[in-house]
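Below you'll find the structure, written out as structure tokens, and then a few comments.
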Amino acid sequence: MNGRPPEIPPHKLIASLRGYDLLPAIVFLPTRRKCDEAASEVAADKAQKTDTAKYQKRQELFQAYAEENPEVRSHKHAKILVNFGIASHHAGHIPSWKLLIEKMMSAGSLNAIFATSTVAAGVDFPARTVVISNADTRGNDGWRPLSASELQQMTGRAGRRGKDNVGFAVLAPGQFQDPKKIAELLKASPDPLESKFRATYTTLLNLLDAFGSFDQLREIAEKSFAFQATAKQVADLKRERSNIESALTSNDLGISLETIRGFERLTSARVRLTERIPSSRAELRQRWLEQNVIGGRIVTQGRSAKRLFIVISVNGENVSTMRDDGAGRNVPLSRINRIFEKTYRLNENEIEKAFLETFEGKNSPLAEPKRSTVAPNDEADSIIGNLISGFAESGSEAERYLWESARETGKLEKLDRDISTLRNSIWTPFERRAKVLDELGYLDFAAEKVTESGKWLADLRVDRPLLVGEAMRQGIFDDLEYKTLAGIMASLAADSDRNYGELYLSDALLDVVSGFEDVIHRVSQVEWSRGVEPSEEINLSAAAAAERWAAGMSWDDLVKRTKAEEGDLVRLLSRTGEALMQIAHLKDSNPKMAAAARLTAETILREPIR
Numbered sequence: 106m107n108g109r110p111p112e113i114p115p116h117k118l119i120a121s122l123r124g125y126d127l128l129p130a131i132v133f134l135p136t137r138r139k140c141d142e143a144a145s146e147v148a149a150d151k152a153q154k155t156d157t158a159k160y161q162k163r164q165e166l167f168q169a170y171a172e173e174n175p176e177v178r179s180h181k182h183a184k185i186l187v188n189f190g191i192a193s194h195h196a197g198h199i200p201s202w203k204l205l206i207e208k209m210m211s212a213g214s215l216n217a218i219f220a221t222s223t224v225a226a227g228v229d230f231p232a233r234t235v236v237i238s239n240a241d242t243r244g245n246d247g248w249r250p251l252s253a254s255e256l257q258q259m260t261g262r263a264g265r266r267g268k269d270n271v272g273f274a275v276l277a278p279g280q281f282q283d284p285k286k287i288a289e290l291l292k293a294s295p296d297p298l299e300s301k302f303r304a305t306y307t308t309l310l311n312l313l314d315a316f317g318s319f320d321q322l323r324e325i326a327e328k329s330f331a332f333q334a335t336a337k338q339v340a341d342l343k344r345e346r347s348n349i350e351s352a353l354t355s356n357d358l359g360i361s362l363e364t365i366r367g368f369e370r371l372t373s374a375r376v377r378l379t380e381r382i383p384s385s386r387a388e389l390r391q392r393w394l395e396q397n398v399i400g401g402r403i404v405t406q407g408r409s410a411k412r413l414f415i416v417i418s419v420n421g422e423n424v425s426t427m428r429d430d431g432a433g434r435n436v437p438l439s440r441i442n443r444i445f446e447k448t449y450r451l452n453e454n455e456i457e458k459a460f461l462e463t464f465e466g467k468n469s470p471l472a473e474p475k476r477s478t479v480a481p482n483d484e485a486d487s488i489i490g491n492l493i494s495g496f497a498e499s500g501s502e503a504e505r506y507l508w509e510s511a512r513e514t515g516k517l518e519k520l521d522r523d524i525s526t527l528r529n530s531i532w533t534p535f536e537r538r539a540k541v542l543d544e545l546g547y548l549d550f551a552a553e554k555v556t557e558s559g560k561w562l563a564d565l566r567v568d569r570p571l572l573v574g575e576a577m578r579q580g581i582f583d584d585l586e587y588k589t590l591a592g593i594m595a596s597l598a599a600d601s602d603r604n605y606g607e608l609y610l611s612d613a614l615l616d617v618v619s620g621f622e623d624v625i626h627r628v629s630q631v632e633w634s635r636g637v638e639p640s641e642e643i644n645l646s647a648a649a650a651a652e653r654w655a656a657g658m659s660w661d662d663l664v665k666r667t668k669a670e671e672g673d674l675v676r677l678l679s680r681t682g683e684a685l686m687q688i689a690h691l692k693d694s695n696p697k698m699a700a701a702a703r704l705t706a707e708t709i710l711r712e713p714i715r
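Just so we're aligned, residue 106 is where the sequence shown starts under this note's numbering, counting upward by one.
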């Protein structure tokens, strides 16, 4: 037991709110299912009071709305809505139903809405009271605490303009309620804005085509809101660097910054020379790993060392690799076991050759040093010492100044590295994608120009444009039936983890999927070789659902056969139709495909999909 009171049943909660004159209310619940169940439970309460005037108004509104949106008549909560003024509102309902709820609430004819927290950000309808039932919410990645902005959006719905002098926020007791946490969030500052600007293929192509050089792109990226915090760090480091330079050069001895930095580099080199001998076996092995784990080499990891991995890139302690079965894996540098001698280019043929030669014993492992073989180099030490002596007369004021300045001068090297690292963190995602596009022929990396193929791909504003573009270039979409084209586009438009039932794919669609998976494999290989995370898997349950809908299946049958929530199906088919309309705009570069896409979109975007 956690000592917290049990949840109040929905019908008792509404009765209590009515008793304190706190209706209409929006009751925020954590899941869609709870919203639907709560609405049904309140409607089943025999003690519910019916306001005749509101009931008649709801009837009139419902009938008028249903004339233009007949699908709402068959909604499972239609009677609950009209008879009791209670509704469930979440993304699982069709858009026309949600719009009806919002119209009735705005008209003041509803008593309560049970909604998920996403409603607070998406619509604006008036309520006297909002009820918070949980300090947590459920997202795509499971349960997480409410953020300050989410809670403030929810409580911001309380109070009807022109009707209420004050709005009320009620914390309903429950197992996952946390009044202390809620109070902290209400006082907290809004969450910082998060930019949606990302290094995408279409963004890169459009910017390069418009501005004509990577330098311009880099400048735009560094000024974007998405990298504002990083840009501020760079500016702060540059300011610190400038201050150090000014302090170093404001000496009365006429010693230039170049002289000071040259002296510091020599003294640092001497220190590194004397520190080359590792102090322990672990340090020796770490140095060996840092020197030899490089892109294009085959390695093993862990004690078993049974799997082979090819190194894609190394960023500090993080080694990005691809396994011999094509799966990507990030491996800590310290987990690397054996390192094989040969270095291969990171393209499909060379990667396959690398694994094959290693399996066949044609790529020998490097010998790991057992003890230090590095001895002090007295000759090098003597040369550096003479060079240091040449900077200033021993015991002179200039020599003292150079030694005193060495530490501050060393900071300049570190600041330069830090500035470069931060700037690269902004630019590297673009550069990696540019190299992918270069290998696939959509831009010329060396010339910094978009190719003709890249120009039409830049206009393809769909999910996973590179996969769609490659499939179009290879003719996979040519001469497809509308239902088959709808199915393959839905597989790309859908969230990969959303389930749309267990309908079977037709043989025609299976053939297309098979060819499309070859495209996915090819593009993924190129992306892995350039350090880009490949796209998620396509959604075959979505493909089957869209294929049936495009083939003429009725809405009621589709909902029944897929067992998916209507709102999820609407969102899937809307996104599929939108993607097809984007392809339909390519009538100049791909006229045949554009025409097929337009006609397929028309079969998809029929009622109740708009």
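Virtual Cβ for every residue (Gly too), placed ideally from N, Cα, C.
Since this is a predicted model, take the numbers as computed values, not measurements.
Along the chain, where does the alpha helix (DSSP H) containing residue i start, and where does it finish?
i      : result
His116 : Pro115 to Gly124
Asn442 : Unbroken run through Asn442 is the beta strand (DSSP E), Ile441 to Thr448; no alpha helix (DSSP H).
Ser145 : Arg137 to Ala148
Ala192 : First-last for Ala192: Ile191 to His194, but that is the beta strand (DSSP E), not the alpha helix (DSSP H).
Phe464 : Glu453 to Phe464
Ser646 : Leu645 to Ala655
Lys154 : Neither: Lys154 is in no alpha helix (DSSP H) and is coded neither H nor E.
Asn397 : Arg386 to Asn397
Tyr587 : Tyr587 to Ala598
Asp314 : Tyr306 to Phe316
Asp673 : Glu671 to Ala689
Assuming contact is defined by CB atoms lying nearer than 8 angstroms, are residue i and residue j in contact in what I supplied?
i      : j      : result
Ala598 : Ala706 : no
Val398 : Ile441 : yes
Leu614 : Ala650 : no
Arg578 : Ser601 : no
Ala655 : Lys697 : no
His198 : Gly672 : yes
Glu513 : Leu353 : yes
Ala240 : Gln282 : yes
Tyr506 : Leu358 : yes
Glu207 : Phe230 : yes
Pro135 : Thr242 : yes
Ser596 : Leu565 : no
Val93  : Glu632 : One cannot answer for residue 93 here, as it falls past the ends of the chain, which runs 106 to 715.
Glu416 : Gly433 : In the sequence as displayed, the identity of residue 416 is Val instead of Glu. Not in contact: Val416 and Gly433 (Cβ atoms no closer than 8 angstroms).
Ser659 : Ile714 : no
Ala148 : Ile185 : yes
Ile349 : Leu517 : yes
Ile68  : Ala591 : Lying before the first or after the last residue shown, residue 68 is absent from the chain, which here runs from 106 to 715.
What first and last residue would you give for the beta strand (DSSP E) that runs through residue i?
i      : result
Glu553 : Segment: none, Glu553 is in no beta strand (DSSP E) and carries neither H nor E.
Gly719 : This structure cannot settle anything about residue 719, because the visible part of the chain is limited to 106 through 715.
Phe133 : Ala130 to Phe133
Val235 : Thr234 to Ile237
Residue i by DSSP, collapsed to three states: which one?
i      : result
Ala263 : strand
Thr335 : helix
Val479 : Any reading at Val479 must be qualified, since the residue scores a pLDDT of 49, below 50, and its modelled position is unreliable; no value is offered.
Thr405 : strand
Asn420 : strand
Ala326 : helix
Leu276 : strand
Val618 : helix
Ile287 : helix
Ser347 : helix
Thr372 : helix
Arg249 : strand
Arg666 : helix
Met658 : coil
Arg703 : helix
Between residue i and the rest of its own chain, which residues show a CB-CB distance below 7 angstroms, the 5 nearest in sequence each way excluded?
i      : result
Leu215 : Pro129, Gly190, Ala192 and Met209
Arg249 : Asp241 and Thr242
Pro570 : Tyr306, Thr307 and Leu562
Ile113 : Ala277 and Pro278
Asp612 : none
Grab me the residues of residue i's own chain with a C-beta within less than 6 angstroms of its C-beta, minus the 5 sequence neighbours each way, in chain order.
i      : result
Ser694 : Trp561
Lys286 : Ala240
Gln630 : Glu453
For residue i, which residues from the same chain have a beta carbon less than 8 angstroms from its beta carbon, with the 5 sequence-adjacent residues on both sides left out?
i      : result
Val419 : Val398, Ile399, Gly400, Ser425 and Leu438
Lys154 : Arg123
Mind listing, in chain order, the continuous alpha helix (DSSP H) runs of no fewer than 4 residues lying wholly within the region 499-577? 502-544 and 557-563
Alpha helix (DSSP H) segments (min. 4 residues) lying fully within the region 199-230: 200-211 and 223-227
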